Amino acid sequence: MKYVKAFKQFNKNREELRLSEFQLFAKTFCISALFIFSFVVISPGAETIPALDFSGNGPLFLSKIQMRADILQAESMLRENYVRYPILEESGVKWKAAFQRLADHLATNKNPTLTHHFQKQLIKALEFTEDGNLRTDLFLKKRHYVQRVEPKVAFYSAIRLAQDNERFRVLPTLNFADKIVNHWYIGCTTQQEVFFPILPERQSEALFMMGQQANHQLEPLNCKFENDSGEKQNILLPLLIPQAELNQANTPVYEYKSGRTPYIRWYRDGRSEERAVKQFQKLALKLRKTSTLILDVRGNKNGSFAFIEKWLKLFTRNHWKNVIVQERQTLPILKGLLNRVQWNLHQSSIRLLIGQDQLEQKRQQLEALIEHLREKGIAEKWVETKFIFNGNKNSPKWNTRLIVLTNQHCGNGCQFLAALTKQIPQGVLIGANTGPFPKNMSGPIFQLKHSRIMLSFSHRLHLNHQAKPVSPSGYLPDYWLFPPMGIGDIQRFVSKNK
C-alpha cells in the first residue's frame, strides 16, 4: 500500500511538471510570435515591412526568369544601399556589366539551377569588391547555406628580389631556387605576380618578396629568369600562405622585452584590477622617453580602443584623430536593420529568450528613426564616429619612432595603432594588411524574392585621418613580414635605419 501511494504521488508530480513545461513553452511561443509579428506591421499608418522568411520552404531549383529577377533585385539593393557602390563605380567598376555577365553565364544552363548553386555564383560575381562583409545566407529544407566574399591574402614564393634601376635581381635564399641566385627577373606567365615590399638590409635599398594575392589556393608561378650572359630559364615557384596568429583568451595581457629597442606584445585587454594591467600601465610611464618602440598587436582580434587609449595617455600626451566611421541611414537601410534584429532573434535561443529586451529596445529605436526620417522628408543621413585620442594639443612634439606589427586579426585597438603609423612622421607598419573594419556584425539584411537568399553587407564606411576611404582589406603594411622573418629582422632594420 505504501508503494502504491508513492507511485500515485510520482505520477501527480510528473503531470504537474508536464503542465509547467507546457505553460513555459506557450509563454515563450506567444512572446516570440508577438515579437516577430511586430516586424510585419510596425505601427498604425506605417509602411508594411515583410519579415524575413526562415521557413526553408523556398524552391530547390530556380528558372532562368526567377534568377534574372533576383539578379536585378540584388543589383538594385546594392546600388541603393551599399556604401562602397559609388566608390567602386568611380574607380572604374562596371556594376551593370558584372551582373549581366552573371545573368548570361546562368542562362547557358540547360537545366534549372539549384538555388544554393545560384547563391554561390552570386557571391562569386561580387568577389571584385574584395569586401569580406558581403555575405549571403540561405535556409533551405532544414539546411543553412552560407556564402561570403573571402578576402584576399598574400601568398609568397620565398624568392627575394632587389630592385636595381628598372630591373629586379634574385637574392640568395635558403630554398630550392639557388640556381637562379643573382639572375634577373624577366616575367611570369600569369602576369598577376605581386612584389611585396619587405624589410631592407641596408639604407636606400628596396627589397621585395615575389608572390600573389588571392582568396583561394594558387598554382605555382611559372617565371622566367636570365643571368648576365643572357641565358634564360623557367622555374616553377610554389606559393605559400603565412599562418596568421590569433591570440587566445588564456594568453597574458602583454609581453615585454627590454633592450636597445624595447619590444611589447599586446595580446589582449584586461580588467583594471588585474595586476598585469597595472604593470602594463607602469610600463608606459617607464618607456615615455624611449626613442623607438616596437608594439606587436598581431592576433589581437578583440583588443579595444578604450584599453590602448589609457596606455597611450601615459605614454604620450599628443592629440590624434585618426580613425573615422561613417554610418549611412536611409529608409531602406533602416528596414534592413529591422531585419537584422529579427535575424538576431532567430539566432538566439527560443527557450532562454536571450536578449529579447535589448532586441525589443533596438527595434523601437529603429522604428522611431524610420518615422523621423519619413516625417522630416530626409532621404539620407550620415552619422559619424571618430576614434579620437584626447591628448594635449599643446604638448611637446612626440618624437618616438613607433613600429607596429599587425596581421589580419586586427581589432579596434590594433586598427587605431595601424592608422597611427600612417599619421605620424616616425610611424612604420610591418606585417600584413589589417583586414576589414568595422566588422559587419549588425549590418542590414535584405531578402531576394524568388530564391529567398538573404543578402547582407555593412552600411558603415571606414575613413582614415584624411577622411579618405580605407580599402576593405584594411591598412597595407609599409613592409610585409613573411617566414622566416621575425623580431630579430625588425630589430636589425631599426638599428640600421635610425
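Read in the working numbering, the sequence shown has 957 at position 49, and its numbers run on one by one without any break. No residue lacks a Cβ here, since even glycine has one placed at the ideal position from N, Cα and C. Given the structure is predicted, the values throughout are model-derived calculations rather than measurements.
Could you tell me the boundaries of the alpha helix (DSSP H) in which residue i lies?
i     : result
M975  : K972 to N989
V1249 : L1239 to Q1255
L1014 : W1003 to A1015
N1320 : N1320 to Q1331
G1339 : Taken as a continuous stretch (DSSP letters only), G1339 belongs to no alpha helix (DSSP H), being part of the beta strand (DSSP E) at G1335 to G1339.
Q1273 : Q1264 to K1284
K1218 : F1213 to F1223
E998  : Y993 to E998
V1185 : R1183 to K1194
Report all residues from its chain with a CB closer than 7 Å to the CB of residue i; omit the five preceding and five following residues, and keep chain order.
i     : result
N1315 : A1152, E1153, R1206, G1207, G1339 and A1340
L1325 : L1203, V1205, I1216 and V1312
I979  : F1007, L1010 and A1011
N1298 : H1227
K913  : Note that K913 scores a pLDDT of 42, beneath 50, so its modelled location is shaky; the value from the coordinates is reported in the next line. Hits under 7 Å: none found.
A1015 : K972
N1405 : Q1111
Q1399 : T1169
On the criterion of 16 or more Cβ atoms from any shown chain inside 10 Å, does residue i qualify as buried, or is it exposed?
i     : result
N1050 : According to the sequence shown, residue 1050 is Lys rather than Asn. With fewer than 16 other Cβ atoms within 10 Å, it is exposed.
R1068 : buried
S1403 : exposed
N1090 : exposed
T1342 : buried
F1116 : buried
D1039 : buried
F947  : Confidence is the limiting factor: at F947 the pLDDT is only 43, short of 50, which leaves the residue's position unreliable, though a coordinate-based value still follows. Classification of F947: buried, given that the 10 Å Cβ count is 16 or more.
I973  : exposed
H1317 : buried
E1101 : buried
I1286 : exposed
D1045 : buried
V1249 : buried
S1364 : buried
G1211 : buried
H1052 : exposed
S1366 : buried
Measure from the alpha carbon of residue i to the alpha carbon of each residue in the options, then state which is nearest.
i     : options                       : result
A977  : L1384, R1360 and D961         : R1360
Q1120 : H1317, R1400, R1110 and P1105 : P1105
K1140 : V1161, A1184, L1129 and W1092 : W1092
K1243 : Q1029, V1001, H1025 and G1351 : G1351
K1289 : N1307, T1308, E1235 and V1336 : E1235
D1177 : T1098, I1241 and C1322        : C1322
T1293 : V1061, N1320, I995 and W1219  : N1320
E1457 : S1256, I1395 and I1241        : Given a span of 909 to 1406 for the chain in the structure shown, any question on residue 1457 remains unanswerable.
M1393 : T1081, P967, A1070 and F1076  : T1081
K1004 : W1306, F1295, W1251 and A1033 : A1033
L1126 : F1390, Q1156 and L1147        : L1147
T1200 : P1170, H1367 and I995         : P1170
Q1334 : D1386, Q1055 and Q1099        : D1386
R1077 : A1114, Q1099 and K1347        : A1114
S1065 : L1030, F1103 and T1238        : F1103
P1380 : I1031, G1138, P1059 and T1023 : P1059
L1048 : F1026, N1041 and I1031        : F1026
Q1156 : Y1175, L1145, S1166 and F1213 : Y1175
F853  : K1376, M1362 and G1396        : This structure gives no information on residue 853, because the portion of the chain shown stretches from 909 to 1406.
Q1071 : E1035, V1378, I1398 and M1118 : M1118
Q981  : Q1355, K1028, P1391 and K1376 : Q1355
K1270 : S1256, N1252 and L1281        : N1252
T1098 : P1128, E1182 and R1075        : P1128
Quick one: give me the first and last residue of the beta strand (DSSP E) that residue i is part of.
i     : result
D1072 : V1061 to D1072
K1032 : Looking at the DSSP string, K1032 is not in any beta strand (DSSP E); the run it does join, the alpha helix (DSSP H), is T1023 to A1033.
Y1093 : W1092 to C1096
A1122 : L1115 to A1122
I1106 : V1102 to I1106
Which one or two residues does DSSP pair with residue i in a beta bridge?
i     : result
R1173 : E1163 and D1204
M1362 : D1045 and Q1355
V1054 : D1045
L1371 : I1232 and P1377
F1309 : Per the sequence shown, residue 1309 should be read as Arg rather than Phe. DSSP output for R1309 lists T1200 as bridge partner(s).
L1145 : L1129
F1076 : Q1071
T1293 : V1233
V1402 : Note: V1402 sits in no beta bridge, so no partner.
T1314 : G1339
K1209 : Looking at the DSSP assignment, K1209 forms no beta bridge with any residue, so it has no partner.
Once you ignore the five residues that flank residue i on each side, which residues in its own chain have a CB closer than 8 Å to its CB?
i     : result
I1094 : C1131, K1132, F1133, E1134 and K1140
R1196 : L1222, F1223 and T1224
K1330 : N1230, L1337, N1372, H1373 and Y1383
Considering only heavy atoms of the ligand GTP, does any lie closer than 6 Å to the CB of residue i?
i    : result
S963 : As far as ligands go, the structure on display features none, and thus does not contain the ligand GTP.
Return the chain-ordered list of same chain residues with a C-beta closer than 6 Å to the C-beta of residue i, the five sequence neighbours on each side being excluded.
i     : result
F1401 : L1107
R1056 : R1043
W1388 : F1104 and I1106
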